[in-house]
Amino acid sequence: MKHSFFVENLNFWYKKNKRDLPWRNTKSPYLIWLSEIILQQTRVAQGLPYFNKFIEAFPTIIHFADASESEILRLWQGLGYYSRARNMHNTAIVIKNELGGQFPLNYKNLLMLKGVGTYTAAAIASFAYEEPVAVLDGNVFRVLSRYFGLETDISSPKGKKDFTQLANSILPIHGSATYNQAIMEFGALQCTPHPNCETCPINTECFAFAHKKQKELPVKLKKVKITNRYFYYFIFEKDNKYYLKKRELRDIWQGLFDFYLIEKNSTSLIEELLEDKSMPDIIKKATVSFVSEEFRHQLTHQNLFISFIRINASSNTDSFFSKNIENFYSPAEIELLPKPIVIANFINKFIV
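Residue 1112 is where the sequence shown starts when you use the numbering used here, and the numbers rise one by one after that.
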């Protein structure tokens, strides 16, 4: 009885309150896949313009596969979690070359795609193919935990198992896709981290409301360790071209372009950096013409403290420029390169 009350009221609420979003008006697995990956760790208001840009640039999975990684990263610029974009490109190529341009037709096979986890596979299977499989994202965890009083840690293996069992036990046989959309939308708009429980249509049966545990549920005990990193970007210019280099290491921003980087373990004075014997000659023999304020750029597991230093290199460092001539780009060329948003913002403000 509690399950039917829950499903019926969520579906009724959804019918009245759902947002008109383009990926809800299609059965295309490509468009649903695109929207779901973009919206991972991203609010709808931020993700919607990116979705529109991508479908304009790449209207089909074949167009996506045929694009270069650089093109995709450039369009992705500002969304963060760039591994998502690289995984999407890999998946698009596999679908084009190995699957005849067609997405897998069920949840089990969708899981074989790179970058497609249980939630994304469930969303595509449910919304594109109406396969009766429950979706479980952060919004759904929150709604289920509060309503049913499930206090298992959602970051634990047992929590994932318990919530998956509960979600699938509630899933209606008919209309599962509508219900999945409803519970996700309900968590995004009504049962938010700071909910207005007085207007909630299911508060009479809600465990958290009855026991005043809205702030305590869902339970997530796992702590994310935050690392501080200190980036000093040195800006070299020659003949109105600027030095940028593609980041190749398996680190943040892989595949994107940034300036000449010196990373330190703590904040350093610019004078100390220039006098450090370990610094390359191109910096030790330079004069500083501009030092930015320190910018803080927050990632999920890292805080980046970033400074930009513009320097005038001396004439006896020409060997650096001659060895790295392919890494110097004009402002017009820089515009086309995929860059971390903090680099793009600095360039837009101080260079272009």
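C-beta atoms are modelled at their ideal positions from N, C-alpha and C, and glycine is treated no differently.
Quiz prompt | Member of Q1292, I1373, F1169 whose CA lies at the smallest distance from the CA of A1233 | solution = Checked all of Q1292, I1373, F1169; the closest Cα to A1233 is Q1292.
Residue range of the beta strand (DSSP E) that N1414 falls in? 1413 to 1423
* Asked: If you draw a straight line from the C-alpha of Y1341 to the C-alpha of I1393, how long is it?
  -> 20 Å
Practice item. Within the same chain, show all residues whose beta-carbon is closer than 6 Å to that of W1134, passing over the 5 residues directly before and after it, in chain order. Key: L1142, I1143, S1146
Mind checking whether L1328 and S1256 have CB atoms under 7 Å apart?
yes
Host alpha helix (DSSP H) of T1303 (start-end) = First-last for T1303: undefined, no H or E at that position.
Going by C-alpha to C-alpha distance, which of F1347, K1269, D1362, E1374 sits closest to P1442? F1347
### Task
May I have the straight-line CA-CA distance separating G1472 from R1253, to the nearest angstrom?
With the chain represented from 1112 up to 1463, any question about residue 1472 goes unanswered, as that position is not in the structure.
Quiz prompt | Own chain residues within Cβ distance below 7 Å of F1169, not counting five before or after | solution = Closer than 7 Å at Cβ, skipping near neighbours: F1175, A1178.
_Can you tell me whether E1209 is buried or exposed? The criterion is at least 16 other CB atoms within 10 Å of its CB, across all chains shown._
exposed
Segment limits, beta strand (DSSP E) that includes L1159: Segment 1155 to 1168 is the alpha helix (DSSP H) holding L1159; no beta strand (DSSP E) there.
| Ends of the alpha helix (DSSP H) at L1142? | 1140 to 1149
> What are the boundary residues of the alpha helix (DSSP H) that includes N1339?
Replying inline: First-last for N1339: 1338 to 1346, but that is the beta strand (DSSP E), not the alpha helix (DSSP H).
| DSSP state of S1400, grouped into three classes? | strand
Between the CA atoms of M1295 and T1315 - distance to the nearest angstrom: Near 20 Å, if we compare the C-alpha coordinates of M1295 and T1315.
>> For N1163 and T1289, which I take to be in contact (beta-carbon distance under 8 Å), what is that distance rounded to the nearest angstrom?
In response: N1163 to T1289, Cβ: 24 Å. No contact.
(Q) Can you tell me whether D1248 is buried or exposed? The criterion is at least 16 other CB atoms within 10 Å of its CB, across all chains shown. (A) buried
| query | Is P1449 near R1185, with beta carbons less than 7 Å apart? | reply | yes
Practice prompt. Could you please give the first and the last residue of the uninterrupted beta strand (DSSP E) stretch that includes H1408?
Written response: 1406 to 1409
Quiz prompt | Simplified DSSP assignment, three categories, for I1373 | solution = Strand at I1373.
_Alpha-carbon spacing of G1286 relative to A1245, whole angstroms_ = 12 Å
### Message
Along the chain, where does the beta strand (DSSP E) containing Y1354 start, and where does it finish?
### Response
1352 to 1354
Could you name the residues that DSSP lists as bridge partners for K1357? Note: K1357 sits in a beta bridge opposite F1368.
Please report how far the alpha carbon of L1224 lies from the alpha carbon of N1201, in whole angstroms. 9 Å
Next item on the list: Note down, one range per segment and in chain order, each alpha helix (DSSP H) of at least 4 residues found wholly within the stretch 1221 to 1283.
Entry: 1229 to 1240, 1249 to 1259, 1268 to 1281, all fully within the stretch 1221 to 1283.
Does DSSP classify K1395 as helix, strand or coil? Correct three-state label for K1395: helix.
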